[in-house]
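2 protein chains.
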Amino acid sequence: MSQKEITIYDIAEKLKISAATVSRALQNHPAVNAKTKKRIVDLASELGYQSNKFASNLRKQKTHTIGVIVPRLNSAFMSTVLSGIEKVANNAGYNLIISQSFETQEKEAKNAQTMFNNRVDALIISLAYDTKDYKHLNSFIKKNIPIIFFDRVADEIDATKVLIDNFKAGYQATEHLIHQGCKEILHITGNLIRNVYNDRLNGYKKALDDNGIKYDQKLVISNDLSEKAIEDCLKNDVLKRQKLPDGLFITSDPSAAYALTILKEAGVKVPEDMAIIGFNNDLISRVCEPAISTINYPGNQMGETIASILINHLNGESDINYMNTVILKTDLIVRNSSLKKE
Amino acid sequence: MSQKEITIYDIAEKLKISAATVSRALQNHPAVNAKTKKRIVDLASELGYQSNKFASNLRKQKTHTIGVIVPRLNSAFMSTVLSGIEKVANNAGYNLIISQSFETQEKEAKNAQTMFNNRVDALIISLAYDTKDYKHLNSFIKKNIPIIFFDRVADEIDATKVLIDNFKAGYQATEHLIHQGCKEILHITGNLIRNVYNDRLNGYKKALDDNGIKYDQKLVISNDLSEKAIEDCLKNDVLKRQKLPDGLFITSDPSAAYALTILKEAGVKVPEDMAIIGFNNDLISRVCEPAISTINYPGNQMGETIASILINHLNGESDINYMNTVILKTDLIVRNSSLKKE
DNA sequence: TTGTAGGCGTTATCAC
DNA sequence: GTGATAACGCCTACAA
C-alpha cells in the first residue's frame, strides 16, 4: 500500500549523525551548528520528509487542534462564523476538527467524546436545540481543556462565552415595529430552552410592556425554524386567524425571507398589512422585495473573536478564565419590509 | 495544568492484569474472557478512561481522519456539501479536518501540507480559483493517499472526481433563455481556468451555436463573482452599454440575486427587459421577486456521495481507482425571472 | 485466554 | 554542539 515513511532516523543515518540532532535542526533549535542544520534541512526536503504529527503530539502532549461542534453546518450564519474561526486558527497553526450535532444532545455528546479522544487543545461549541445537561462536557472541564461557547451558550457552565445581547436585539426589533405602528406583533422563534431565543423573547416582551402593549401568548410561536415549520405555522394557523397580526418579528433571515414569500402569495401586503423584521443580516434579507429589516449579527467577526481569544489563551498570552463573556455589537437595520411610516 | 491521563496501564494495574488484555478488551477483541472484559470496561468508564488517539494512530498508522480543503467555507453551496460529507463521515467514525484556501494556490498548498503531516487517510478538495499546478498534491499521490476532487476538479490528475455535467447545465440554461426569445445573452461567470466555469461557458457557446446565434466575446464577463465584482461590472459596464442584453446567465444564485436587485434598482424590468437564470438552486433564488430560474445542483447529495465513495474505499469494500468520475444529475428549474412567454 | 516485549516517530533530559 | 536514551500510550506478534 503506502510507501514506508521517511523518518528522522533515515536522515540521521544518511548523514551519520544522531536523530536527536536532526530533530533539533528541524525545529530550529538554537543549539545546532549552522552547517549541520543546513545539511539536515536540505536532505530532509530532498527526501520529502514530513514530520509525523502523531508521534510529535504524543510526545508533546499537545495537538494544535481545536474541536468545533455546531448544530448544523449549512446555514449562512454558521458558515460565516466557521470561516472566521478557521481563518484565525489556521494562521496561528491550529487545525480544526468540525462536526455537527444535528440539533440533538445525543450526537453532540458523541462528537464531544470523539473530540476529547482526539485530545483537542480546546473545544468551541454552539449548543443543539435539545441539549439539556452538560455531562458530555465534564471530561473537558476535569482536564482543564478550555471550552468556548458561542451564540447558543450554557449559562450553567463557567466557561468563556462569545455572543450578542439577544435581549437588547429582541427589544430593538420589537420596538422598531411598534414605532412603525404595529400593535399586534407575531413572534416566530426557535426552541426557548436556548438563550438566544429566550433572551430575544424577553426583549420582545419588555418592548411590548414598555409601550403599553399587552403580551399575548398566542402571538408567540416556537418551532425549529425550518421551511416546513414556517410554512405550516403560517398556512395552517396564522393566515387562518380572524385578525392578522400587523407585525412579524422572526428570528432568522432565511425564515423571514421564506415567510415573506408565503405571505405575499397569500395576498398579504408587506409592510402595509404586516411589517416584517428578521435576524442576522444574511444576504438573503437584502435581495427580497421588499428588502427585509433585520438585526446585523457579525458572524465573521464572532468567529475571529472566538479563535483569537482561544489562541491567545493556548499560547499563554492571556488567561481565558478572566474573560467570561464577550458581547459583540449588533445593529438594527431598517429596510422596506418594516417601513410603514416615512 | 491538566490532570494526568488515565491509560490502559492504570487500568491494568488496578485489576492486576496486563495492559495487553485491557487493550484487547477495550477493542472488543474476541479472545478475551467475558468476565475480565466486563471488569475492564466497567473500571474504564468509572475512571473516565479515554483512549489516546495519537498513540493509537501512531501505532496503527491510520488516523480515521479525512482532510477537506475548500475555497471558502461561507457559501450556501459549500456548506451544504460539507454538511453531507460530515454526516456520512461522522457516522462511519471518521473525523474531518477542514480548511479554506481563500481561492489561492499558496494557501491551498500550505493546507495540503498540514493535512499531509497530520496523516489524513484521504483528501477531499475543491480547487482554488488560481491553482495552476498540482505539486502540492504530489506527496499524497506518492504515498497512495486517496484524493477526491469535487466541483472544481483537476482534469490533469488521475483521481476520483465528483461533479456535475457543467457543459450540459450551461447548455440547458442558455437554451432555455434562447427559447424564451433572448438574442443577446450576457454570461457572468468565474475564473475560466476552472472546469466548472469553463465547461459552462462551452455549454453556453454550443447552445448559441446550435440556435444560430453568433458568439460575442463582449457578452462574457469573468470575475470572482463577489458582490463587489457584480456591482462593478453591471454599473460600470453593462448598464452603460448602448444596447442592453436581453438575457443573463450568471453562474451562482447569490450573484444572480444580487444582480437582480441592482438591475431592478436601475429600472431594468425582469424578465421583460432582461431574463435571468442563476445556478445552484439556493434558497435565495426562490425568495427573490421575481423568483430566479436556476440549475438545481444537489450539494448535500454531492457531499454524501463523496464521503460514501471514500469510506467504502478506505474500508476496503471497493476500490476507488476503478471509479474515476461520478456525475451527479442536475435539473433546470424555471421560475419567473426567465419566463418571457407563457 | 492472557502476558511479554518491542516498536510506531518524536522530543526532552542528560551526559559528554 | 552532539549523542544516547528514555519516555509518550497503544497495539500486536509471539509465547505461555
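Going down the list, the sequences are from chains A and B.
Residue numbering for the first sequence follows the numbering used here, starting at 1 and increasing by one per position.
Residue numbering for the second sequence follows the numbering used here, starting at 1001 and increasing by one per position.
Just so it is clear, CB atoms sit at the ideal spot from N, CA and C, and this is done for glycine as well.
Values in this document were obtained by computation on a predicted structure and should not be read as measured data.
Test: residue i CB closer than 7 Å to a CB of chain B
i	result
Ser83/A	yes
Ser338/A	no
Ala55/A	yes
Ile8/A	no
Ala92/A	no
Leu96/A	yes
Tyr49/A	no
Ser18/A	no
Ala257/A	yes
Asn223/A	no
Thr80/A	yes
Gln105/A	no
Asp42/A	no
Ser99/A	yes
Leu328/A	no
Leu201/A	no
Proximity test, Cβ basis, 7 Å: residue i and chain A
i	result
Pro1254/B	yes
Glu1086/B	yes
Thr1261/B	yes
Asn1236/B	no
Tyr1322/B	no
Phe1077/B	no
Gln1172/B	no
Leu1332/B	no
Leu991/B	Residue 991/B is absent from the model: chain B starts at 1001 and stops at 1342.
Gln1003/B	Reliability of the predicted coordinates at Gln1003/B is poor, the pLDDT of 49 falling under 50, and the value obtained from them is presented with this limitation in mind. Yes, Gln1003/B counts as interfacial toward chain A.
Helix, strand or coil at residue i [DSSP, three-state]
i	result
Thr36/A	helix
Ile1193/B	coil
Gln1100/B	strand
Phe1077/B	helix
Val1270/B	coil
Val334/A	coil
Ile185/A	strand
Ala122/A	strand
Gly93/A	coil
Thr7/A	coil
Lys16/A	coil
Thr65/A	strand
Asn138/A	helix
Asn1296/B	strand
Thr131/A	coil
Leu1339/B	coil
Met1001/B	Residue confidence for Met1001/B is low, a pLDDT of 33 falling below 50, so the modelled location carries little weight; the figure read from the coordinates is stated next. Three-state result, Met1001/B: coil.
Val1153/B	coil
Lys161/A	strand
Ile1327/B	strand
Ile1178/B	helix
Ile1085/B	helix
Proximity winner among the options, relative to residue i (alpha-carbon distances)
i	options	result
Glu1304/B	Asp1010/B, Met1078/B, Val1032/B and Lys1060/B	Met1078/B
Ser1252/B	Ser1226/B, Ile1320/B and Gln1027/B	Ser1226/B
Gly190/A	Cys182/A, Gln180/A, Leu201/A and Glu184/A	Leu201/A
Ile349/A	Ala1076/B, Phe1249/B and Val1220/B	With chain A represented from 1 up to 342, any question about residue 349/A goes unanswered, as that position is not in the structure.
Gln1050/B	Val1022/B, Gln1217/B and Ala1034/B	Val1022/B
Tyr1044/B	Lys1016/B, Asp1010/B, Ala1034/B and Pro1290/B	Sequence check: residue 1044/B is Ala here, not Tyr. Ranking Lys1016/B, Asp1010/B, Ala1034/B and Pro1290/B by Cα distance to Ala1044/B puts Asp1010/B first.
Lys1062/B	Val1120/B, Val1032/B and Arg1039/B	Val1120/B
Lys340/A	Pro71/A, Lys235/A, His176/A and Gly203/A	His176/A
Asn1236/B	Leu1073/B, Asp1246/B and Ile1221/B	Ile1221/B
Gln100/A	Tyr94/A, Lys110/A and Asn91/A	Lys110/A
Thr1325/B	Asp1199/B, Ile1141/B, Leu1248/B and Asp1155/B	Asp1155/B
Just by C-beta distance, which residues in the segment 1268-1288 of chain B are closer than 8 Å to chain A?
Listed by position along the chain: Leu1283, Ile1284, Arg1286, Val1287 and Cys1288.
Chain-ordered residues of the segment 1176-1196 of chain B with a beta carbon less than 9 Å from chain A
Taking 9 Å as the Cβ-Cβ cut-off against chain A, none of the residues of the segment 1176-1196 of chain B qualify.
Under 7 Å, CB to CB, which of the residues in the segment 1291-1319 of chain B have a partner in chain A?
If the cut-off is 7 Å between Cβ atoms, the segment 1291-1319 of chain B has nothing near chain A.
Mind listing, in chain order, the continuous beta strand (DSSP E) runs of no fewer than 3 residues lying wholly within the segment 1217-1289 of chain B?
Every beta strand (DSSP E) stretch that sits fully inside the segment 1217-1289 of chain B and reaches 3 residues is listed by chain position as 1220-1222, 1247-1250 and 1275-1277.
Between the segment 107-119 of chain A and chain B, which residues of the former have CB atoms less than 9 Å from a CB of the latter, in chain order?
Hits within the stretch, in order: Lys107, Lys110, Asn111, Gln113, Thr114, Met115, Phe116, Asn117, Asn118 and Arg119.
Give the residues from the segment 62-74 of chain A that approach chain B closer than 7 Å (Cβ to any Cβ), ordered along the chain.
Those residues of the segment 62-74 of chain A that come within reach of chain B (Cβ to Cβ, closer than 7 Å) are Arg72, Leu73 and Asn74.
Residues of the segment 1021-1032 of chain B with Cβ closer than 9 Å to any Cβ of chain A, in chain order:
Listed by position, the residues of the segment 1021-1032 of chain B near chain A (Cβ gap below 9 Å) amount to none.
If you measure beta-carbon to beta-carbon, which residues of the segment 134-152 of chain A are closer than 9 Å to chain B?
Those residues of the segment 134-152 of chain A that come within reach of chain B (Cβ to Cβ, closer than 9 Å) are Asn138, Ser139, Lys142, Lys143, Asn144 and Ile145.
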